[in-house]
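Worksheet for the structure shown next.
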Amino acid sequence: MASLFEIEIQQLKGVGEKRAQLFQKLGVSTVGALLRFYPRTYEDWSHPCSIAEAPFDKPCCIQAAVASRISETRVRKGMTLYKFRVCDGLSVMHITIFNNRYAPNLFQEGKEFFFYGKVGGTFTHREMSAPLFEPAQRGPRIRPIYSQTEGLTSRQIENAVHQAFERLPDPIRDDLPAPLRERYHLLELRDALKAIHFPYAREELEQAKRRFVFEELLILQLGLLRLKSRRKSENRMRLSNDVTGEFFSLLPFSPTGAQRRAVGECIRDMQESPSPMNRLIQGDVGSGKTAVASALCYCMAKNGWQTAFMAPTEILAAQHHRSLASLLASSGIRVELLTGSTSAAAKRALAEDLAMGRIHVIIGTHALLSEGVRFASLGLVITDEQHRFGVGQRAALAAKGDNPHLLVMSATPIPRTLALMIYGDLDVSVLDELPPGRQTVDTFWVDSGKRQRAFQFVKNHLNTGRQAYIVCPLVEEGEGNLAAAQQYFDQLQKEDFSGYSVGLLHGKMKNREKDQIMDDFTNGRIQLLVSTTVVEVGVDVPNAAVMLIENAERFGLSQLHQLRGRVGRGKHKSYCVLISDAQNEETKRRLGAMCRTNNGFEIAEEDLKLRGPGDFFGARQHGLPDLKIADMMTDMETLLIAQEEARKILIMDPELTKPEHRGLRAEMFRLFGQVGEGGFN
Ligand code: ADP
Ligand code: MG
80 MASLFEIEIQ QLKGVGEKRA QLFQKLGVST VGALLRFYPR TYEDWSHPCS IAEAPFDKPC
140 CIQAAVASRI SETRVRKGMT LYKFRVCDGL SVMHITIFNN RYAPNLFQEG KEFFFYGKVG
200 GTFTHREMSA PLFEPAQRGP RIRPIYSQTE GLTSRQIENA VHQAFERLPD PIRDDLPAPL
260 RERYHLLELR DALKAIHFPY AREELEQAKR RFVFEELLIL QLGLLRLKSR RKSENRMRLS
320 NDVTGEFFSL LPFSPTGAQR RAVGECIRDM QESPSPMNRL IQGDVGSGKT AVASALCYCM
380 AKNGWQTAFM APTEILAAQH HRSLASLLAS SGIRVELLTG STSAAAKRAL AEDLAMGRIH
440 VIIGTHALLS EGVRFASLGL VITDEQHRFG VGQRAALAAK GDNPHLLVMS ATPIPRTLAL
500 MIYGDLDVSV LDELPPGRQT VDTFWVDSGK RQRAFQFVKN HLNTGRQAYI VCPLVEEGEG
560 NLAAAQQYFD QLQKEDFSGY SVGLLHGKMK NREKDQIMDD FTNGRIQLLV STTVVEVGVD
620 VPNAAVMLIE NAERFGLSQL HQLRGRVGRG KHKSYCVLIS DAQNEETKRR LGAMCRTNNG
680 FEIAEEDLKL RGPGDFFGAR QHGLPDLKIA DMMTDMETLL IAQEEARKIL IMDPELTKPE
740 HRGLRAEMFR LFGQVGEGGF N
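Quick note, this note's numbering runs 79 ahead of the 1-based positions in the sequence shown.
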């Protein structure tokens, strides 16, 4: 079916440029993609009931013939009612249709239709107002309901799908190899497509779903296994000197037992393991993951290898760069920063120095993935806040070396089965101990009536030399939102916090401005940092002791926990104030959980309960591609079968180049294409 993915959707009848753009919004730009745009849900028109038995409380489908002439009443300008009676052979029902000038022509006496809607009226006078309808000769069926977007209805999408079917060649190539379909009794592609869009019966629909769930999970597993297989190679970068002792003496603090253990485990992997290290460092916010990463950067450099250290935001990358560069300044290790806003000239110079091996540690954002970045001897790849990256992006960075060691760091606890699937034979080190002197961050939830008191609370802390954050009331950084942030900031600076030094930080600022603001905040020149959620991940200023979050109801639980993690990172008693007027139960539970516990694992558990597994384990959390039809949690059994089958296929045909696997290969690229580029080559 590959070729259908090259036919633009505009080529379908009834799809012009404008409609094509609407389809694009739904992620559909080709005929092939449209056929793979499965319905969101269905309306069951397959079991029409009699008028007498129609329920009053939910929509149903009734098959009946028009049993009277149609009457037309103009109620007012722009509102015409068409009324007629229908009969199913036993009882009569009254139908009202609004503003449909085709109605008189359509509903001729004696013609049979399906009507779908809620039955109202009384037992003796049944009626249906503005029903959906369809000529009965089409036969009873289950109707697809598609996710729609403004200007493009489910019905219009349905019509386009009908058109797409006409383009389907006969026979079509099925990307699922026949032996697999036979073994698991799966429908063929054409039948399955037909059945998922236009099923005649529930059973048929279930069969189609089963096939597509299997197919999707198989493709997911093929992609993941291929990423993993690269790591099965030999460990050619064996570390000879363990110099972590030297590094620890550079630190201004002594490492915790958990940090020493984690570093030790990584060093052992790199010294002794037959294949390259593949390890996850899992530790709650503030547990000191950066120091572990830094120790390894130091060790690698002293052993003559380069390290690439990737962070999800420019602010975080700059922070890591600042602290690592100053920590390692005396030891002759060159640490550089490369982000999207590094100037082209500087980028070229950095790229050259990297390729010549003159830089030992390069810290950056996904700009590190760009074409021009090459390494002389890449020994270690570190990704901080791993869940922010796609699996493909991590692989792309690793592909710049010859099977380097991999270290990923995350504060998000991931269930073991899922971790295994995403990372393969992944080893885990847990930082289960916070640095000494940390106290719990006391958390309060107040309504906006107490905002002034909350501000006073912040001022009290500023007066004693501490610093604070205020997270602005906005979630996304759209243009209008930024204006609102600016306004909010102006108000705080001029009125509520006049006399204090206040800074504003948001993602759309120029890099130099961001750096300046973060620098000033880190050095205490700014006392109060008003910010969007760009401070959410990783930002580390230990003197900050209060985090105030406006419109706290807008944030998810894990996000609130991450934001709170910006304070309580030093020896000072710290506080988090959540401002929210929201009253609904879900919000109460979320904010309640924040006030109750500081423990990241408990927060994650609660988050899971509140959001449901689909969302929690969703793509955004862990960098997996978006699945259309399968659910990682509820389809776990199929997932395991698919994994087994994927393994077998890859043993036979590692590159999926055999003719019977080309379809799978194409689908795999398509699925993983959404997650960073360059994951496969
Ligand atoms: P996270 O795990 O959230 O990435 P960081 O690595 O940013 O945490 O560390 C949080 C703060 O704790 C930093 O200011 C860091 O300097 C400090 N820190 C890390 N380890 C220790 C330690 N062993 N003793 C004291 N402070 C530490
Ligand atoms: Mg961190």
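Positions of the beta carbon are idealized from the N, C-alpha and C atoms, including for glycine.
As the structure is a computational prediction, the values presented were derived from the model and not from experiment.
**OP:** Confirm the yes/no value for this check: CB of A490, any heavy atom of ligand 1, distance under 7 angstroms.
**Re:** Numbered from 1 along the sequence shown, position 411 holds the residue referred to as residue 490. Checking every heavy atom of ligand 1 against the Cβ of A490, one is found closer than 7 angstroms.
Original post:
Hey, is L368 close to ligand 1, as in C-beta under 7 angstroms from one of its heavy atoms?
Top reply: Position 289 of the sequence shown, counted from the first residue, corresponds to residue 368. It is worth fixing the name first, because residue 368 is Lys in this sequence and not Leu. For ligand 1, at least one heavy atom lies less than 7 angstroms from the Cβ of K368.
**OP:** State the start and end residues of the unbroken beta strand (DSSP E) segment that holds F388.
**Re:** Here residue 388 is taken as the residue at index 309 of the sequence shown, counted from 1. 385-389 is the extent of the beta strand (DSSP E) around F388.
Original post:
Nearest-angstrom Cα distance between R699 and L719?
Top reply: Reading the sequence shown from its first residue, position 620 is the one you call residue 699. Reading the sequence shown from its first residue, position 640 is the one you call residue 719. The pLDDT assigned to R699 is 49, lower than 50, so where the model puts this residue is not dependable, and the model offers no usable value.
**OP:** Please name the residue in F576, P704, Y654 whose C-alpha comes closest to that of T522.
**Re:** In the sequence shown, the residue the question calls residue 522 occupies position 443. Looking at the Cα atoms, Y654 is the closest of the given residues.
Subject >> Residues that A490 bridges to, as DSSP identifies them >> reply: Within the sequence shown, the letter at position 411 stands for residue 490. Paired residue(s): none; A490 is not in a bridge.
**OP:** Use the C-beta contact count for P514: other C-beta atoms within 10 angstroms, 16 or more gives buried, fewer gives exposed.
**Re:** Your numbering for residue 514 matches position 435 in the sequence shown. That one is buried.
Subject >> For E87, three-class secondary structure by DSSP >> reply: Taking the sequence shown and counting its residues from 1, the one referred to as residue 87 is at position 8. Three-state result, E87: strand.
**OP:** May I ask which residues mark the beginning and end of the beta strand (DSSP E) holding K162?
**Re:** One-based indexing of the sequence shown puts residue 162 at position 83. That run of the beta strand (DSSP E) goes 158-166.
Subject >> Straight-line Cα distance separating A182 from K197 >> reply: Here residue 197 is taken as the residue at index 118 of the sequence shown, counted from 1. Here residue 182 is taken as the residue at index 103 of the sequence shown, counted from 1. Their Cα atoms are separated by approximately 20 angstroms.
**OP:** Using only alpha-carbon positions, find the residue among G742, H740, E724 that is nearest to L297.
**Re:** Position 218 of the sequence shown, counted from the start, is the residue given in the question as residue 297. Taking only the C-alpha atoms, the option nearest L297 is E724.
Subject >> V22 to E229 span [Cα, whole Å] >> reply: Here the chain covers residues 80 to 760 and nothing more, so residue 22 does not appear.
Subject >> alpha helix (DSSP H) segments (min. 4 residues) lying fully within the region 519-577 >> reply: 530-542, 558-570
Original post:
Tell me which same chain residues have a C-beta within less than 6 angstroms of the C-beta of F568, skipping the five on either side of it?
Top reply: Residue 568 sits at position 489 when you count from the first residue of the sequence shown. Excluding residues within five positions, the ones whose Cβ falls inside 6 angstroms are L583, V609.
**OP:** Throw me the rounded Cβ distance for the I549 and E664 pair, which I believe falls under 8 angstroms.
**Re:** Against the sequence shown, residue 549 aligns to sequence position 470. Against the sequence shown, residue 664 aligns to sequence position 585. Contact doesn't hold; Cβ gap of about 27 angstroms is too wide.
**OP:** Mark I730 as exposed unless 16 or more other C-beta atoms lie within 10 angstroms of its C-beta, in which case mark it buried.
**Re:** Counted from its first residue, the sequence shown places residue 730 at position 651. Classification for I730: exposed.
Subject >> Closest by C-alpha distance to V616, when choosing among E464, P704, Q385 >> reply: By 1-based counting over the sequence shown, the position of residue 616 is 537. It is E464 whose Cα lies nearest to the Cα of V616.
Original post:
Which whole-angstrom value describes the C-beta separation of S366 and L510, a residue pair presumed to lie in contact below a C-beta threshold of 8 angstroms?
Top reply: Position 287 of the sequence shown holds residue 366. Position 431 of the sequence shown holds residue 510. At roughly 4 angstroms, the Cβ-Cβ gap stays under 8 angstroms, so S366 and L510 are in contact.
Original post:
From L743, F748, L303, pick the residue whose C-alpha is nearest to that of L255; which is it?
Top reply: For this step, residue 255 is matched to residue 176 along the sequence shown. If we check each option's Cα against that of L255, L743 comes out closest.
**OP:** Starting from the C-beta of V554, find all residues in its chain whose C-beta is less than 6 angstroms away, skip the five residues before and the five after it, and write them out in chain order.
**Re:** Taking the sequence shown and counting its residues from 1, one reaches residue 554 at position 475. Note that V554 has pLDDT 45, beneath the 50 cutoff, so the model's placement of it is unreliable and the number below is only indicative. So the qualifying residues of the chain are R633.
Original post:
What residues match up with F192 in a beta bridge as DSSP calls it?
Top reply: As a working mapping, residue 192 is identified with position 113 in the sequence shown. In DSSP, F192 forms a bridge with A143, P214.
Subject >> Alpha carbon of F84 to alpha carbon of A112, nearest angstrom >> reply: Numbered from its first residue, the sequence shown carries residue 84 at position 5. Numbered from its first residue, the sequence shown carries residue 112 at position 33. Computed Cα separation, rounded: 6 angstroms.
**OP:** With a threshold of 7 angstroms, establish whether the CB of D363 neighbours any heavy atom of ligand 2.
**Re:** Residue 363 sits at position 284 when you count from the first residue of the sequence shown. No.
Original post:
When burial is assigned at 16 or more other CB atoms within 10 Å of the CB, is F116 buried or exposed?
Top reply: On the sequence shown, residue 116 is found 37 positions in, with the first residue counted as 1. F116 comes out buried.
**OP:** Compare the C-alpha of D363 against each of Y279, T666, L670, R643 and name the closest.
**Re:** Locating residue 363 in the sequence shown gives position 284, where the first residue counts as 1. Answer by Cα proximity: R643.
Original post:
Is the closest heavy atom of ligand 4 to the C-beta of D463 under 7 angstroms?
Top reply: As presented, the structure is devoid of ligand 4, carrying ligand 1 and ligand 2 as its sole ligands.
Subject >> Cutoff 6 angstroms; reference G78; Cβ partners in own chain excluding five residues on either side >> reply: Any answer about residue 78 is impossible in this case: the structure gives the chain only from 80 up to 760.
Original post:
Among R339, R315, E313, which one has its Cα closest to the Cα of E325?
Top reply: Indexing the sequence shown from 1 puts residue 325 at position 246. Checking every option, the nearest Cα to that of E325 belongs to R339.
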